[in-house]
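With this note's numbering applied, the sequence shown corresponds to residues 36 to 373, in that order. All residues carry an ideal CB built from backbone N, CA and C; glycine is no exception. What follows is a set of notes on a single structure, which appears directly below.
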Amino acid sequence: MESTRTLTDKIFLVLKGLGMGAANKVPGVSGGVVAFVAGFYEEFIYSLKKVNKNAFKLLLNGRFKSFYKYINGKFLSLLFLGMLISYFSISKALDYLIIHYELYVWSVFFGMILGSIYSVSKDFKAWNYQTIIALSIGIIAGLSVSFLSPAKENDNLWFVFFCGIISVSGMTLPGFSGSFILILLGNYVLLLVDSVNALYNTFTEIFKGNFSFIQNNERIKLLKVLGVFTLGSITGLVTFSHLLSYILKHYKNITVATILGFIIGSLGVVWPWKKTIYKLNHEGNFIHDSSGEKIIEFYKRYIPYLETETYIAIAYIFLGIFIVLSLDWYGQKTRQPK
36 MESTRTLTDK IFLVLKGLGM GAANKVPGVS GGVVAFVAGF YEEFIYSLKK
86 VNKNAFKLLL NGRFKSFYKY INGKFLSLLF LGMLISYFSI SKALDYLIIH
136 YELYVWSVFF GMILGSIYSV SKDFKAWNYQ TIIALSIGII AGLSVSFLSP
186 AKENDNLWFV FFCGIISVSG MTLPGFSGSF ILILLGNYVL LLVDSVNALY
236 NTFTEIFKGN FSFIQNNERI KLLKVLGVFT LGSITGLVTF SHLLSYILKH
286 YKNITVATIL GFIIGSLGVV WPWKKTIYKL NHEGNFIHDS SGEKIIEFYK
336 RYIPYLETET YIAIAYIFLG IFIVLSLDWY GQKTRQPK
């Protein structure tokens, strides 16, 4: 597979990783949708499946090149490079945009999900009672998640490890938002904001020759939390990939129909026109104003009036659709025999 990739393909793979990382950071959006629509979802799953006992044998025996080739290392490293860059760049930009241009950001993501639904469904021809049931289950599951109540923040390391396992669902299950699951588990701010910022600040201080963070107990705690969360995420990725590769191999049509249902169900979470009805602060208490250092917002949805802002938002929805259809076109082009 790697021998057929041009330099342009590799650059686009890093960009796809950027897209996955950004999507994984936003509650209600799934990075797996990017992989699914852009045409590398199955390669992603099957590459992760290669992280098994045979791979570890190669690693322990010092056969690093064989290990790298066995797990499709070039593909995974380029993809994860993009995700890593995203967490320290694009995801921070998204935080700013959501604060200042919330309606337009959600409009783009709403359009991207609409485009994803079209992209996935147009090539799916295996409709029967089994796949229709699978589609319905996926839709119900996707919609149900948006109505669950959030839990309180919990920094217990075993729970953080569990959060890591669950959070990667957004990468392996298109339409299932891992970051939104973290909100429901109460640990979105802790794991995707505070811990990531702690790591960023630590690297910045080390680069400047400042090692005072070693005496900062709160910083060390957050870095430990991030380490355990990362370990849980890796465990979840490998575990889910083995399960999904088996399901894709034996029940591909049912799996695709269920994924399509997840994507459709996620539309309720990213509806652009929504108003805050209550907020949750870092102690897990509901508040009705903007006080408090760390808050998570929850919304009610409403139908917009036809005003200038609404027309602009609709234009951004079409932009989101265009982005996904462009990814789909490029994915189909790269899948054609050369």
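Three-way DSSP call (helix, strand, coil) for residue i in this model
i      : result
Phe238 : helix
Arg98  : coil
Trp364 : helix
Trp141 : helix
Asn89  : helix
Leu208 : coil
Phe47  : helix
Ser112 : helix
Thr345 : helix
Lys243 : coil
Thr290 : helix
Gly221 : coil
Tyr136 : coil
Asn252 : helix
Gly378 : The shown model of the chain, from 36 to 373, leaves out residue 378, and the question about it has no answer.
Asn59  : helix
Phe123 : coil
Ile269 : helix
Val304 : coil
Thr274 : helix
Asn107 : coil
Leu42  : helix
Ser65  : coil
Cβ distance (whole Å) where residue i is taken to contact residue j below 8 Å
i      : j      : result
Ile148 : Leu50  : That pair is no contact at about 19 Å.
Ser280 : Lys84  : 4 Å
Phe182 : Val263 : Not quite, the Cβ-Cβ distance comes to about 30 Å (not below 8 Å), so this is no contact.
Ala161 : Gly296 : The Cβ separation is near 14 Å, so there is no contact.
Lys60  : Ser214 : 6 Å
Ser151 : Thr207 : No, Ser151 and Thr207 are not in contact; Cβ-Cβ is about 16 Å, not under 8 Å.
Lys45  : Leu113 : 6 Å
Gly300 : Gly173 : 6 Å
Leu219 : Ala186 : 7 Å
Ser121 : Leu53  : 5 Å
Asn232 : Asn189 : Incorrect: roughly 19 Å between the Cβ atoms, too far for contact.
Glu78  : Leu283 : The Cβ separation is near 11 Å, so there is no contact.
Gly199 : Leu266 : 7 Å
Ser202 : Ser124 : That pair is no contact at about 20 Å.
(message) With a threshold of 8 Å, are at least 3 pairs of Cβ atoms found where one atom belongs to the stretch 349-360 and the other to the stretch 128-143?
(response) Short answer: they touch.
(message) So, does the stretch 99-112 touch the stretch 283-300, judging by three or more C-beta pairs under 8 Å?
(response) no
(request) Pair every Cβ in the stretch 239-255 with every Cβ in the stretch 128-137, then say whether three or more of these pairs are closer than 8 Å. (result) Flag = no, the stretch 239-255 and the stretch 128-137 do not touch.
(request) Could you tell me whether the stretch 93-107 touches the stretch 227-241, using the rule of 3 or more Cβ pairs below 8 Å? (result) Touching, no, given that fewer than three Cβ pairs across the two stretches are closer than 8 Å.
(request) Identify every run of the beta strand (DSSP E) within the stretch 149-204, keeping only runs that are complete inside it and at least 3 residues long; order them along the chain. (result) If we require 3 residues or more, the stretch 149-204 turns out to have no beta strand (DSSP E) run fully inside it.
(request) State whether the stretch 154-171 contacts the stretch 224-234, with contact taken as three or more CB pairs (one from each stretch) at a distance under 8 Å. (result) no
(request) Evaluate contact between the stretch 255-275 and the stretch 63-78, counting only Cβ atoms and requiring at least three cross-stretch pairs below 8 Å. (result) no
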